[in-house]
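Chains as they are written, first to last, in our numbering: chain H, 3 to 167; chain A, 209 to 377; chain S, 1100 to 1442.
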C-alpha cells in the first residue's frame, strides 16, 4: 500500500557478520555497561527513613481544619460526601450545645466524620466542594495496615491538632 | 577382604533390586547405586583411573541419559502392556534353562585363584597410559577414531541441511 | 598414619567445610547487594549494619517455613533430591589445593585434603553427579514443570560436560598431570595456564556457567517458562538446600578455575615475599591470594548474571554442540601441534 505520510521505511534484517556472531564482543560491551552502573549513585531512597519532598499540589491524607480560635470549621453540610466520586466519606451531624462555642465554629457540627481510605481516590473534589474551607488533602501518604476496618479513619485521625498544644 | 565382601554383597543386593523394582525409575536409581559399588571395587583394586572413568561415564553420563529417557516416556500403570499367560510360562521356562546352563558351566570350572596383580601400580594413570600407547596402540586408536566419528556424526545430525529451505521465523 | 596427622586432616576438612558454607551463605548476600548496585539500588540494609546479618535472617526464615511434601510425590526421593544436591556440591572441595604446605615446628601440613592423582577427573565426576540431585528432585515432585526443569538440567549438563572435558584435555596436554596439587605447583610465580590456554579457559568458563546452572544458562529453573523449574514444589529448608547447593557449586567451580587456569595460590614475586616473611606467613598469603581470585570469579558469575538475559533452549543446545565442541577439538589439535613443534 502507498504510504500517505511518506515516512514508511522498509527495514531489512541483515545477517550478522562474524564479529557479531561471536557473542563475546557483545557480551563484553554489555558487561562494561553494567559495570558503569555499579559505581553510580543509587537512585532509590530508603523510604521510611528518608522521605522525598512532595510537590506543591500533592494530595495526601485529609485533615479537618480548625479556625484561628481553634474551633473546628466543619459544619457537616455533607457537600464533600456528595461530591465524592468514590463515596468514601460519611458523617453524622449534631447540634452545638451551649458552652461548646470554642470547640465548633458553626451551630451544626460533625459528630462522626469517617473517610474510608481504601475507597478514597485522592481526587481532591471534597476539598473543592467544601464551602467552609474545612477539609484539605495536605497530609502524608496513608499508612498501610493489616485490617480493612483500620482503614476507616475517624475524627481522631483526621482533625488537625488543637492550636495551643 | 571383609570390605570386599561387604561391597560385593551390596553390588548383588542392589542389582537384585534393579530387576525386582516395580517402578522403572526406581530400578534406574538402584542401577546407579550398583555402578557406585563397582567404582568402589575399582578403588579397592587400586585402579583409580578406571574407577573415576566408570564414575564419570557410567554414573554421570549414561545413566543420566537412561533416566532422561525414562522420564520422557509415559509410564502409567494403564499403558503397561499385559502379557498373555503363555508368554509368561515361556519366559519362566527360558529363564530356567539359562540358569541351568550358567550353573553347569560354572560348575565345570575349577575354583579360581584370587587375582594377584604383578604390579599394584598398574591402575594408575601414568602406567595405564604407557600400556595403552605402547602395547595396545592400534586398538586404542581405532576405538578413539570410532568415538570421534560418532561425535562428528552427532554434530552433523544437529546441523540442518543447507539445501533445505530455511524455515521462516 | 599418625593420630596427629589424622587430627590435622580432620581439622582441615572441618575448616574447609565451614568456609564453603560461610562463603555460600555470604554469596547470597553478595548476590543481592551486587544486583542492587548494578541496578542503581541500595540492596538489603535492614538486618544489621549494611544488612550484614541478612543471610542469618534468610536461614532462620527457611527453617521456620512449613515443610510441604505434595500428596502425589515420592516422599523418599523427594527428600533425597536436595540432600544429593548439597552432598555433591560439598565433596568437590576435597581435592582443591588451598595453599602451599605449611611448616609449623618442623611439621609439614599440606593445605589440601587429598592429592589423588586423578584430581581433575574427580572434580569432573562430582560435577557430573550433581545433576542427579536436580533430576531426582524434579521427577519425585510429580509436577510437569519440575519434570521439564529436571530434563532440561540433564540434557544441558551432559551437553556441556563434553566440551568441558575437551577443554580440560587441552590443558592436560600442557600440564602433563591430572593431579590438581601438581598443576598448582607448576604455575609457580606468573606461569599461569591462562597464558598458554586462553581459548581453553573461555570454553571452561562458559561450561562452568552451564554446569552450575547460572544465568545465562539457568534454563532448569527458568521462572518465565517453568514457574520454578525443578524446585517448584519445594519449600522450607529443602528449597534452601537447592539454592545453597548452587552457591557452593559456584564457589567450588571458581576455586577449580582459579587452580587450573589462574595459578591457584601463586602470585608474581611470591618467592621474594616468602623469603621475607617466613615459611608460615608466606603460604598463608598465597592462600589469601587464592581466595581473592575465587571471590573475583564469584563476582564475575554475578556480574554476568545481572548483565546477560537467559538463552533460549535451542540456542543453548546450538552453542553447546555446534560451537563449543568444534572449538574445543580445534583447541586440542592446535595445542598438540604447538607442543610437538616446540618440544
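C-beta: ideal position from N, C-alpha, C; glycine also.
For a cutoff of 9 Å on Cβ pairs, would you count residue 1110/S as touching chain A? Looking up residue 1110/S in the third chain gives position 11. Chain A contact via Cβ: absent.
Among 1181/S, 1213/S and 1351/S, which residue has its Cα nearest to the Cα of residue 1278/S? Along the third chain, read from residue 1 onward, the residue named residue 1278/S stands at position 179. Nearest C-alpha to residue 1278/S: 1213/S.
Please name the residue or residues paired with residue 110/H in a DSSP beta bridge. Numbered from its first residue, the first chain carries residue 110/H at position 108. 97/H.
Count Cβ pairs between the segment 295-308 of chain A and the segment 242-262 of chain A that sit closer than 8 Å; are there 3 or more? The answer is no - the segment 242-262 of chain A does not touch the segment 295-308 of chain A, with fewer than three Cβ pairs under 8 Å.
So what's residue 65/H in DSSP terms, helix, strand or just coil? Counting from one through the first chain, the residue named residue 65/H turns up at place 63. Secondary structure of residue 65/H (DSSP, three-state): strand.
Taking Cβ-Cβ distances below 7 Å as the criterion, which residues of the segment 332-355 of chain A are in contact with chain S? Across the segment 332-355 of chain A, CB contacts with chain S closer than 7 Å involve 332 and 333, in sequence order along the chain.
Does the Cβ of residue 1317/S have 16 or more other Cβ atoms within 10 Å, making it buried, or fewer, making it exposed? Against the third chain, residue 1317/S aligns to sequence position 218. When all chains shown are included, residue 1317/S counts as buried.
Residue 118/H by DSSP, collapsed to three states: which one? Walking along the first chain from the start, residue 118/H turns up at place 116. In this structure, residue 118/H counts as strand in the three-state DSSP scheme.
Per-residue contacts from residue 1243/S into chain A (C-beta, under 7 Å): Taking the first residue of the third chain as position 1, residue 1243/S is located at position 144. What residue 1243/S touches in chain A: nothing, since even the nearest Cβ is about 11 Å away.
Could you give the first and the last residue of the continuous beta strand (DSSP E) run that contains residue 1201/S? Locating residue 1201/S in the third chain gives position 102, where the first residue counts as 1. Where residue 1201/S is concerned, the enclosing beta strand (DSSP E) stretches over 1201-1203.
So is residue 20/H in contact with chain S if we call contact Cβ pairs under 9 Å? Working through the first chain from its first residue, we reach residue 20/H at position 18. No, its Cβ sits nowhere closer than 9 Å to a Cβ of chain S.
Residues in the same chain with beta-carbon distance under 8 Å from residue 1223/S, minus the five sequence neighbours each way, listed in chain order, please. Here the question's residue 1223/S lines up with position 124 in the third chain. Closer than 8 Å at the Cβ level, and outside the excluded window around residue 1223/S, lie 1260, 1263, 1264 and 1267.
Specify whether the segment 1214-1221 of chain S and the segment 1360-1374 of chain S touch according to this definition: at least 3 beta carbon pairs, one from each stretch, less than 8 Å apart. With a cut-off of 8 Å on Cβ pairs, the segment 1214-1221 of chain S is not in contact with the segment 1360-1374 of chain S, counting fewer than three such pairs.
Does residue 1097/S come out as helix, strand or coil in the three-state DSSP assignment? Because chain S here runs from 1100 to 1442, residue 1097/S falls outside it and cannot be looked at.
Pick helix, strand or coil for residue 92/H, following the three-state DSSP scheme. As a first step, residue 92/H must be located in the first chain, where it is residue number 90. Correct three-state label for residue 92/H: strand.
Same chain, Cβ closer than 7 Å to residue 120/H, five either side skipped, listed in chain order: Locating residue 120/H in the first chain gives position 118, where the first residue counts as 1. Within its own chain, the residues whose Cβ lies closer than 7 Å to the Cβ of residue 120/H, once the five positions on either side in sequence are excluded, are 150 and 153, listed in chain order.
Closest Cβ-Cβ distance between residue 1312/S and chain A: below 9 Å? Stepping through the third chain from its first residue, residue 1312/S is reached at position 213. The beta carbon of residue 1312/S sits no closer than 9 Å to any beta carbon of chain A.
Determine, using beta carbons only, whether residue 42/H comes closer than 9 Å to chain S. Translated into positions along the first chain, residue 42/H becomes position 40. Cβ-Cβ to chain S under 9 Å: yes for residue 42/H.
Distance, residue 220/A Cα to residue 270/A Cα: Start at 1 with the first residue of the second chain, and residue 270/A comes out as number 62. Start at 1 with the first residue of the second chain, and residue 220/A comes out as number 12. Roughly 20 Å separates the two Cα atoms.
For residue 137/H, list the residues DSSP reports as bridge partners. As a position in the first chain, residue 137/H is number 135, starting the count at 1. 66/H, per the DSSP bridge assignment.
By the three-class DSSP mapping on this structure, what secondary structure does residue 376/A have? Here residue 376/A refers to the residue found at position 168 when the second chain is read from its first residue. With a pLDDT of only 48 at residue 376/A, under 50, the local geometry of the prediction cannot be trusted, and no value is derived from it.
Whose CA, out of 1253/S, 1258/S, 1386/S and 1149/S, lies closest to the CA of residue 277/A? To locate residue 277/A, count along the second chain from 1; it is residue 69. Measuring C-alpha to C-alpha distances from residue 277/A to each of 1253/S, 1258/S, 1386/S and 1149/S identifies 1253/S as the nearest.
First and last residue of the uninterrupted beta strand (DSSP E) at residue 240/A: Position 32 of the second chain holds residue 240/A. Where residue 240/A is concerned, there is no enclosing beta strand (DSSP E), although the alpha helix (DSSP H) it sits in stretches over 232-252.
Give the DSSP bridge partners of residue 155/H, in chain order. Translated into the one-based positions of the first chain, residue 155/H becomes position 153. Bridge partners of residue 155/H: 117/H.
Are residue 1430/S and residue 1302/S close, meaning C-beta to C-beta below 9 Å? The residue you call residue 1430/S lines up with position 331 of the third chain. The residue you call residue 1302/S lines up with position 203 of the third chain. Between residue 1430/S and residue 1302/S, the C-beta gap is smaller than 9 Å, which places the two residues in contact.
Where residue 1466/S falls: helix, strand or coil (DSSP): Nothing about residue 1466/S can be read from this structure; chain S reaches only from 1100 to 1442.
Give the secondary structure of residue 1281/S by DSSP, where H, G and I count as helix, E and B as strand, and everything else as coil. Start at 1 with the first residue of the third chain, and residue 1281/S comes out as number 182. Note: residue 1281/S maps to helix in three-state DSSP.
Give the secondary structure of residue 1212/S by DSSP, where H, G and I count as helix, E and B as strand, and everything else as coil. As a first step, residue 1212/S is located in the third chain; it is residue number 113 there, counting from the start. If DSSP states are grouped into helix, strand and coil, residue 1212/S belongs with coil.
Cβ closer than 8 Å: which chain S residues qualify as neighbours of residue 45/H? Walking along the first chain from the start, residue 45/H turns up at place 43. Simply 1139 and 1140.
Collapsed DSSP secondary structure at residue 161/H in the structure displayed: Along the first chain, one-based indexing puts residue 161/H at 159. If DSSP states are grouped into helix, strand and coil, residue 161/H belongs with the strands.
Is the CB of residue 1144/S under 9 Å away from at least one CB in chain H? Mapped onto the third chain, residue 1144/S falls at position 45. Yes, residue 1144/S counts as interfacial toward chain H.
Distance between residue 1336/S and residue 1141/S (C-alpha atoms, nearest Å): Residue numbering aside, residue 1141/S sits at position 42 when the third chain is read from its first letter. Residue numbering aside, residue 1336/S sits at position 237 when the third chain is read from its first letter. Those two C-alpha atoms are separated by around 27 Å.
Out of curiosity, what's the CA-to-CA distance linking residue 1176/S and residue 1332/S? Here residue 1176/S refers to the residue found at position 77 when the third chain is read from its first residue. Here residue 1332/S refers to the residue found at position 233 when the third chain is read from its first residue. Distance from the CA atom of residue 1176/S to the CA atom of residue 1332/S, rounded to whole angstroms, is 13 Å.
From residue 1137/S to residue 1329/S, what does the alpha carbon distance come to, in whole angstroms? Along the third chain, read from residue 1 onward, the residue named residue 1137/S stands at position 38. Along the third chain, read from residue 1 onward, the residue named residue 1329/S stands at position 230. Taking the straight line joining both Cα atoms gives about 28 Å.
To test your reading of the DSSP string, which unbroken beta strand (DSSP E) runs of 3 or more residues are found completely within the segment 1300-1325 of chain S? Qualifying beta strand (DSSP E) stretches: none in this window.
Comparing the C-beta of residue 1403/S with each C-beta of chain H, is any distance below 9 Å? Looking up residue 1403/S in the third chain gives position 304. It does; some Cβ of chain H falls within 9 Å.
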